[in-house]
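Peer 1: Here it is, the structure in full.
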Amino acid sequence: MWEPEGKRQVESALGDLKPEEILFEFEEPLTFVCSDSDGQKLLAHSLCDGDGFNRYLVVVTSVRILDDLKAGRIDLVGALKQPRCWLVDFVENWAIKNLWIISFDKIPKAMIPKSGVMLLPDLQPLFRVRWSYLKRSSR
Amino acid sequence: MSSPLRSENYPDWYVENCPPADALNVEGTIYRFVESFPTIANDFLSYHEMGQRPNGKPCERCGLSVFHSIDDIRNSLRHLLKAYPGKQYGDKIVRRELSVSDGKTKQTGKHGHHTWWAYKGVTRHELFEFVEQLPNH
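So the protein sequences, as listed, match chains Z and W. FYI, the numbering used here numbers position 100 of the first sequence as 252, with every residue one higher than the one before it. FYI, the numbering used here numbers position 49 of the second sequence as 1030, with every residue one higher than the one before it.
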């Protein structure tokens, strides 16, 4: 299991991070919304499995980001790349085994979904076309 | 000691009330994704047996994830490999014919995801044929 470069925090630093809204699951909740002890919404995304625990990336989020993610207006990495990130190792009943505060850039790229990968299999990335390009093309 | 609610047909390590009463004997093709082909027993251990996925549902952790449609498993696996690249889902799809003597299945997720609870004595990894390997993402 990879050793995070982030700063370790006490397991209870964020409070209870049990899923409040599951956004995608397969055999277990893989992407879900939870809240810290101050009520700040957090988005949790499963990264990898250890021996008896699962490691999740947990980031600060907002209602707007969540709405955009669920509607397919932004991709997963767009929702996950946030200035405040943690790594959380969960064991049974969502008890927290390890917690690190970490910079998004310190997470191995092989663990992060690539650009254009959406929350759900049936969502397609939204391609945006610049207005200036459209005007030029129509001349 | 086994629970009176658990069928004698199932391994004694299944949790209580597992499989659920509405799981069905199904005859037909099941598909599963695995890391290795030829199939090996390790790819057919339940998360309960391996002590993994600690926050999965207890009864589903006793069974194995399967699909009844090739399109459903392709779509699900493609998404899992892209959205959760560190989870090491197997990228090979295999299939076998299931008979009523092999156990029961039930749909336990979206996109055609089912769980197969094999009867005691069924060698879970046998009789699977290779279907395809999905490209790396």
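All C-beta atoms in this analysis are idealised placements derived from N, C-alpha and C, irrespective of residue type, glycine included.
1. Between which two residues does the beta strand (DSSP E) carrying W/Y1065 extend?
2. Only counting the same chain, and skipping five residues up and downstream in sequence, which positions put a Cβ closer than 7 Å to that of W/F1109?
3. Tell me which residues share the same chain as W/C1040 and place their Cβ nearer than 6 Å to its Cβ, disregarding the 5 neighbours each side in the sequence.
4. Check whether the Cβ of W/H1029 lies closer than 8 Å to any Cβ atom in chain Z.
5. Taking only beta-carbon atoms, is W/K1049 less than 8 Å away from chain Z?
6. For the alpha helix (DSSP H) that Z/L166 lies in, which residues bound it at each end?
7. Just grab the DSSP bridge partners of Z/A196 for me.
8. Tell me whether Z/V240, by its Cβ, gets closer than 7 Å to a heavy atom of the ligand NAD.
9. Check the Cβ-Cβ distances between W/E1067 and every residue of chain Z, and say whether any is below 8 Å.
10. Tell me whether W/C1043 sits in a helix, a strand or coil according to DSSP, three-state version.
11. Given that Z/V269 touches chain W, what residues does it touch there, using C-beta distances under 7 Å?
12. Would you call W/H1106 buried or exposed, if buried means 16 or more other Cβ atoms sit within 10 Å of its Cβ?
13. For W/R1059, which residues in the same chain have their Cβ closer than 7 Å to its Cβ, ignoring the five residues on either side in sequence?
14. Under 8 Å between the Cβ atoms of Z/G158 and Z/W252?
15. Short of 8 Å in beta carbon distance, which residues of its chain neighbour Z/T213, apart from the five on each side in sequence? Order them along the chain.
16. Z/Q161 to Z/L169, Cα distance in whole Å?
Peer 2: If we stick to the structure as given:
1. W/Y1065 -> no beta strand (DSSP E), and no H or E assigned at all.
2. T1020, V1075, R1076 and R1077
3. V996 and C999
4. no
5. At residue 1049 of chain W the sequence reads His, which differs from the Lys that was named. Not closer than 8 Å to any Cβ of chain Z, the Cβ of W/H1049 fails to qualify, so no.
6. Here Z/L166 belongs to no alpha helix (DSSP H), and DSSP marks it neither H nor E.
7. Z/F184 and Z/V210
8. Among the ligands in the structure shown, none appear at all, so the ligand NAD cannot be discussed.
9. Note on identity: in this sequence residue 1067 of chain W is Gly, with Glu being the wrong assignment. Yes, W/G1067 lies at the interface with chain Z (some Cβ there is under 8 Å from its Cβ).
10. helix
11. K1063 and A1064
12. buried
13. L1115
14. yes
15. V185, K193, L194, L195, A231 and Q234
16. 15 Å
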